[in-house]
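S.K.: If you read the sequence shown in numbering that gives the first Met the number 0, its first letter stands for residue 0, the second for the next number, and so on.
Below are the structure tokens for one structure; questions will follow.
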Amino acid sequence: MEWCYELTDFDLSAFEQQAHERWKCAFEPDPSVKEKFYLNVAYPYPSGAMHVGHGRTYIVPDVIARFWRMRGRQVLYPMAFHVTGAPVIGISKRIARGDEKTIRLYRDLYKVPPAVLEKFVDPLTIVRHFSNEYQRVMTACGLSIDWRRRFTTVDPTYSKFIEWQWKHLYDAGYVMKGAHPVRYCTFDDNPVGDHDLLEGDKAEVIKFTLVMFRFGDAVIPTATLRPETIYGVTNLWVNPDVTYVRAFIDGKPWVISREAAEKLTLQDHTVTIEKEIPGKTLIDKKVSHPLCGEIPILPADFVDPDMASGMVMSVPAHAPFDYIALRDLQRQGRYTHIRPVPLIRVEGYGEVPAQDAVERAGITNQLDSRMDALTQEIYSSEFAKGKLFDKYGGKPVRIARDDVAALMTEQYGSMVMYEFDTRPVVCRCGNRVKVKILHDQWFLKYSDPAWKAQVSDQLKDMALVPTEVRIEFDRTVDWLKDWACTRRVGLGTRFPWDTAQLIEPLSDSTVYMAYYTIAHLIKEMAPETLNSEVFDYIFLGKESKSLPERVKLDAMRKEFLYWYPYNFRFSAKDLISNHLTFQIFHHVAIFEKKHLPQGMVVFGMGLLNGAKMSSSKGNVFLLEDAVKEFGADTVRMFLMGSAEPWQDFDWRNELVIPVKKQIERFYNAIREMKDAGGEPKDIDVWLMSRLQDHIEKTTISLENFQTRQALQESFFSIENDLKWYRRRLPDGSDGSRMLRSLCSAWIRLLTPFIPFTCEKLWQGIGGQGLVSFADWPVVDQKQKNRRIELAEELLLRTVEDLESIKKLIQITPKSITISLAPAWKHDIFTTIAHAPEKILAIREIMKDDLMRRRGKEATDAAKQCTNLIHRLPPHIVELIASDGVNERAVFEQAASFLEKEFGVPVHITDAESYHHPKAATALPFKPAIVIE
Ligand SMILES: [Zn+2]
Numbered sequence: 000m001e002w003c004y005e006l007t008d009f010d011l012s013a014f015e016q017q018a019h020e021r022w023k024c025a026f027e028p029d030p031s032v033k034e035k036f037y038l039n040v041a042y043p044y045p046s047g048a049m050h051v052g053h054g055r056t057y058i059v060p061d062v063i064a065r066f067w068r069m070r071g072r073q074v075l076y077p078m079a080f081h082v083t084g085a086p087v088i089g090i091s092k093r094i095a096r097g098d099e100k101t102i103r104l105y106r107d108l109y110k111v112p113p114a115v116l117e118k119f120v121d122p123l124t125i126v127r128h129f130s131n132e133y134q135r136v137m138t139a140c141g142l143s144i145d146w147r148r149r150f151t152t153v154d155p156t157y158s159k160f161i162e163w164q165w166k167h168l169y170d171a172g173y174v175m176k177g178a179h180p181v182r183y184c185t186f187d188d189n190p191v192g193d194h195d196l197l198e199g200d201k202a203e204v205i206k207f208t209l210v211m212f213r214f215g216d217a218v219i220p221t222a223t224l225r226p227e228t229i230y231g232v233t234n235l236w237v238n239p240d241v242t243y244v245r246a247f248i249d250g251k252p253w254v255i256s257r258e259a260a261e262k263l264t265l266q267d268h269t270v271t272i273e274k275e276i277p278g279k280t281l282i283d284k285k286v287s288h289p290l291c292g293e294i295p296i297l298p299a300d301f302v303d304p305d306m307a308s309g310m311v312m313s314v315p316a317h318a319p320f321d322y323i324a325l326r327d328l329q330r331q332g333r334y335t336h337i338r339p340v341p342l343i344r345v346e347g348y349g350e351v352p353a354q355d356a357v358e359r360a361g362i363t364n365q366l367d368s369r370m371d372a373l374t375q376e377i378y379s380s381e382f383a384k385g386k387l388f389d390k391y392g393g394k395p396v397r398i399a400r401d402d403v404a405a406l407m408t409e410q411y412g413s414m415v416m417y418e419f420d421t422r423p424v425v426c427r428c429g430n431r432v433k434v435k436i437l438h439d440q441w442f443l444k445y446s447d448p449a450w451k452a453q454v455s456d457q458l459k460d461m462a463l464v465p466t467e468v469r470i471e472f473d474r475t476v477d478w479l480k481d482w483a484c485t486r487r488v489g490l491g492t493r494f495p496w497d498t499a500q501l502i503e504p505l506s507d508s509t510v511y512m513a514y515y516t517i518a519h520l521i522k523e524m525a526p527e528t529l530n531s532e533v534f535d536y537i538f539l540g541k542e543s544k545s546l547p548e549r550v551k552l553d554a555m556r557k558e559f560l561y562w563y564p565y566n567f568r569f570s571a572k573d574l575i576s577n578h579l580t581f582q583i584f585h586h587v588a589i590f591e592k593k594h595l596p597q598g599m600v601v602f603g604m605g606l607l608n609g610a611k612m613s614s615s616k617g618n619v620f621l622l623e624d625a626v627k628e629f630g631a632d633t634v635r636m637f638l639m640g641s642a643e644p645w646q647d648f649d650w651r652n653e654l655v656i657p658v659k660k661q662i663e664r665f666y667n668a669i670r671e672m673k674d675a676g677g678e679p680k681d682i683d684v685w686l687m688s689r690l691q692d693h694i695e696k697t698t699i700s701l702e703n704f705q706t707r708q709a710l711q712e713s714f715f716s717i718e719n720d721l722k723w724y725r726r727r728l729p730d731g732s733d734g735s736r737m738l739r740s741l742c743s744a745w746i747r748l749l750t751p752f753i754p755f756t757c758e759k760l761w762q763g764i765g766g767q768g769l770v771s772f773a774d775w776p777v778v779d780q781k782q783k784n785r786r787i788e789l790a791e792e793l794l795l796r797t798v799e800d801l802e803s804i805k806k807l808i809q810i811t812p813k814s815i816t817i818s819l820a821p822a823w824k825h826d827i828f829t830t831i832a833h834a835p836e837k838i839l840a841i842r843e844i845m846k847d848d849l850m851r852r853r854g855k856e857a858t859d860a861a862k863q864c865t866n867l868i869h870r871l872p873p874h875i876v877e878l879i880a881s882d883g884v885n886e887r888a889v890f891e892q893a894a895s896f897l898e899k900e901f902g903v904p905v906h907i908t909d910a911e912s913y914h915h916p917k918a919a920t921a922l923p924f925k926p927a928i929v930i931e
């Protein structure tokens, strides 16, 4: 149709509609003779609507996909939905029981229609609804995804794939069974993964020793990481405002907090609560332990009933908190007879290290923010270099700690209690997470040193973007422990060796990038025919006699061999410590070396108006609303231009609005330039020469995933050049026919970022086919002209100087004199520019007789040239110093332009014949300017 080839007025939503029509099925790549580029992103868990933070996660890979497609690669960008696990089950339960907060979130924020919301009592309905929503909104954003390959992780064929994966892990000895402390939600009755947490995802499970103090017929246990300090215990701390309980633990009476009683039931103890004991009734009572004798119970309101047993032993000589708490009481005249009892000697501290440290730091009270650091400092020094006093055995702390723990366990009833190092840890359901010892729990043996070594080797061969994340990957591999890989509740694939359990979400999402390669073809196979021989053939090339439907399998094998290994995987940086590292573990365990992952790009966080985006806190802006309000291209350009992918970005509507204006400016600029037909002049040569640089820099930036830098080059730099170009055109000219090739290149450079607008413009300039598949612009060396660029740079800088001087002097000018530096200053400039040591260059210059005769004039010029060289971009300095530029010719040719710009006569003189005090300041590339 003729109409669509005209460039109508700027209307993003019309452009979107037209492009969607033309893109149908365009991004569905099959294996071909072209070189491939396969990238993928962590698939979403579709339990709510997409917000602008998700937008960036999927738009960055799309920009990269579009770039490589235009570079001539066959590009695969697939998408699927991760619906494994318990979260949607919790959501559907809460909706079923009418939980107002959840219903508000889904009805008001996610805008789920009432008729659909009603059906959310079925968890699968939730994920189905939002998978479709995700696809719709992703499409609206212009993501060039091959939707033929879409699947969900509860599809029966996918489960067959997961079973195959796990058979390999099991055969390799990486799947095992044992007892293990794990994070656990008693409401969901399920272990809790990082993704199931509202708060506390950094919390680690720590093993404490319970020290048993005798208290009448009962014991009071205190949890410690430093059992050796028992010799220095002076008292216990109990919170007088807390109600404790007397409970029978495995048949024996203990006094502990109510929270502790509940926790112990999860750690292999039988617990019966007998009665409550108000904390204040315990104060000033006595307890005893064979290793420290009889000690009193003192009041302290810092004692947290939710920390381990809820009771604390006090070692004021070695624990700053204990020292200050005791000192505070003693300053009120209480318990003044108690003295710290030191037991460890450590270099760098006096007799009582805690006292030393507190006094040195000038800490006056318990609330001082440096207390934690101080505690850690003493803990570390004593562990590294401390020795127990001779009367306590004289061993290094490092050894004594385990010895004392063993002694107390064998003889004095000590046992282990697990607790988090930081609290609170809160489940998505709102319940406090606790530590539970799971028996018959299945684990992935990430602690296996040989397996770790394979992963480390593979990491060395991978491209990691940005490079700084490498250290985090290495640390994760080092630190990773066995991983509880099954759950009792949720959606997902049944665990083959215990079908009452399910494979948990972070364990069934590690090699699905391989599944994408065959996802559209395997749909045609009956799931029950998909035994492990089938997958062994597709992914490992292993032949076997009984393979079904050989033709289909060969097609899948071909897809896999074409696309794998993937080139880059994209994900957020908080997934380094789990998913992104896990997937390497699983790949090295299963696939051939040549099919192992090649690279990863790690994203920063998204902020909304300066605060962390969070659906549960309502601080999100829905992606669909953003697209409707600002247009998809605007959303894309803002997200790509406001930060590099690995930096945090901040969505603010007031910053997005100008981006739409920028796109409109670009559109209108092309509309105006596309039919220009004048004869090319020097300024056209300049424009095209500069364009080659912008093409080169945009290309390099996108090769390095720097979307922001790429936009700076491809949008703003070209726009600036055009501004100057138009200024330099003679009156009445609208530019030369060279502008047409600039239009073509400019549209293509911006296509990855704003594809809708660019499709429209591409048609408008008569481009062939879809611009999404057009050739990426390449640098034409023949069009580079450094001489003209340098001349124009000189003029441009001089005009800027003129403008700022004019503003400064605030008189109506009558004439302008541009006064050019003499040849000897050019000699100085060149000598300094070429000198490796700029300061030494001045001495060298002054060895010259002629220069020495100039005296101060020459040394001043040398200093000024040095300053100028530091301020100019290095490539310009190099050009001036090598080819140089005929400054007089530049200004004589531009005289009429300057007179037009400033409306006064312009004189060009040599500084040495112009007797004005300012003339002496003329330097190469920086003439002296006199406005009168
Ligand atoms: Zn929960």
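All C-beta atoms in this analysis are idealised placements derived from N, C-alpha and C, irrespective of residue type, glycine included.
As the structure is a prediction and not an experimental result, all values here were calculated from the model.
In whole angstroms, what separates the C-alpha of Val454 from that of Arg725?
M.R.: 57 Å
S.K.: With ligand 1 as the reference, list in chain order each residue whose Cβ lies under 7 Å from any of its heavy atoms.
M.R.: Gly89, Cys184, Phe186, Asp187, Val191, Asp195, Cys426, Arg427, Cys428 and Asn430
S.K.: I think Glu34 touches Arg72, with their Cβ atoms under 8 Å apart; what is that distance to the nearest whole Å?
M.R.: 6 Å
S.K.: Alpha carbons only, please: which of Thr509, Gly231 and Glu788 is nearest the one belonging to Phe584?
M.R.: Thr509
S.K.: What separation, rounded to the nearest whole angstrom, lies between the Cα atoms of Val425 and Asp200?
M.R.: Approximately 9 Å between the Cα atoms of the pair.
S.K.: Output needed for Gly883: all residues of its chain with C-beta closer than 6 Å, excluding positions within five of it in sequence on either side, in chain order.
M.R.: none
S.K.: Check whether the Cβ atoms of Met524 and Lys551 sit closer than 9 Å, and answer yes or no.
M.R.: With a cutoff of 9 Å on beta-carbon distance, Met524 and Lys551 are scored as near each other.
S.K.: Distance check for Lys855 and Ser740, CA to CA, integer angstroms please.
M.R.: 53 Å
S.K.: When you compare each of Val191, Gly392, Phe419 and Glu418 to Leu406 by their alpha carbons, which one comes out closest?
M.R.: Gly392
S.K.: Between which residues of its own chain and Cys3 is the CB-CB distance below 7 Å, once the five residues before and five after are set aside?
M.R.: With a pLDDT of 44 at Cys3, under the threshold of 50, the modelled position of this residue cannot be trusted; read the value that follows with caution. Within the same chain, Cys3 has close Cβ partners Gln17 and Gln762.
S.K.: Are three or more beta carbon pairs between the region 405 to 420 and the region 450 to 469 nearer than 8 Å?
M.R.: no
S.K.: So Val432 packs on Val191, CB below 8 Å; how close in whole Å?
M.R.: 5 Å
S.K.: What would DSSP say about Met312, mapped onto helix, strand or coil?
M.R.: Reduced to three states, the DSSP call for Met312 is strand.
S.K.: What would DSSP say about Pro926, mapped onto helix, strand or coil?
M.R.: Pro926 falls in the coil class under three-state DSSP.
S.K.: When you compare the CB positions of Val111 and Ala95, do they come within less than 9 Å of one another, or not?
M.R.: no
S.K.: Could you check which residue in Arg796, Trp823, Met636 and Gln863 has the C-alpha nearest to that of Ile753?
M.R.: Met636
S.K.: When the Cα atoms are used, what is the spatial distance from Ile276 to Tyr417?
M.R.: Between the alpha carbons of Ile276 and Tyr417 lies a distance of about 24 Å.
S.K.: Report the three-state DSSP secondary structure of Met599 (helix, strand or coil).
M.R.: strand
S.K.: Three Cβ pairs or more, each shorter than 8 Å: is that satisfied between the region 673 to 692 and the region 623 to 642?
M.R.: no
S.K.: Taking the alpha-carbon positions, what's the Leu595 to Asn430 distance?
M.R.: 40 Å
S.K.: Cβ of Phe896 within 9 Å of Cβ of Ile815?
M.R.: No, these two residues do not count as a Cβ contact at 9 Å.
S.K.: Please work out which residues of its chain come closer than 7 Å, Cβ to Cβ, to Ile930, disregarding the five sequence neighbours upstream and downstream, and give them in chain order.
M.R.: Ile804, Lys805, Ile808, Pro812 and Ile815
S.K.: Measuring only the C-alpha atoms, how far is Thr516 from Glu558?
M.R.: 6 Å
S.K.: Bridge partners for Lys846 per DSSP, in chain order?
M.R.: Beta-bridge partners of Lys846 (DSSP): none assigned.
S.K.: Since Gln597 and Ala462 should fall inside the 8 Å C-beta cutoff, what is the C-beta to C-beta distance between them, to a whole number of angstroms?
M.R.: Confirmed, about 7 Å.
S.K.: With DSSP collapsed to three states, give me the class of Thr233.
M.R.: Shown here, Thr233 sits in coil according to DSSP, grouped into three states, outside any helix or strand.
S.K.: In whole angstroms, give me the CA-to-CA distance for Trp163 and Phe534.
M.R.: 7 Å
S.K.: Figure out for me which residue from Ser91, Ala260 and Ala668 has the closest Cα to the Cα of Arg127.
M.R.: Ser91
S.K.: In the DSSP assignment, what residue or residues form a beta bridge with Tyr417?
M.R.: Lys206
S.K.: From this set, Leu607, Thr756 and Asp730, which residue's C-alpha is nearest Lys660's C-alpha?
M.R.: The option with the nearest alpha carbon to Lys660 is Thr756.
S.K.: My assumption, with CB atoms under 8 Å, is that Val51 sits in contact with Gly605. Please give the rounded CB distance.
M.R.: 7 Å
S.K.: Do you know offhand how far Gly766's Cα is from Pro45's?
M.R.: 39 Å
S.K.: Is there contact between the region 862 to 877 and the region 828 to 835, where contact requires at least three CB pairs shorter than 8 Å?
M.R.: With the rule of 3 Cβ pairs closer than 8 Å, the region 862 to 877 counts as touching the region 828 to 835.
S.K.: Name the residue from Pro220, Val903, Trp562 and Gln691 whose alpha carbon lies nearest to the alpha carbon of Pro30.
M.R.: Trp562
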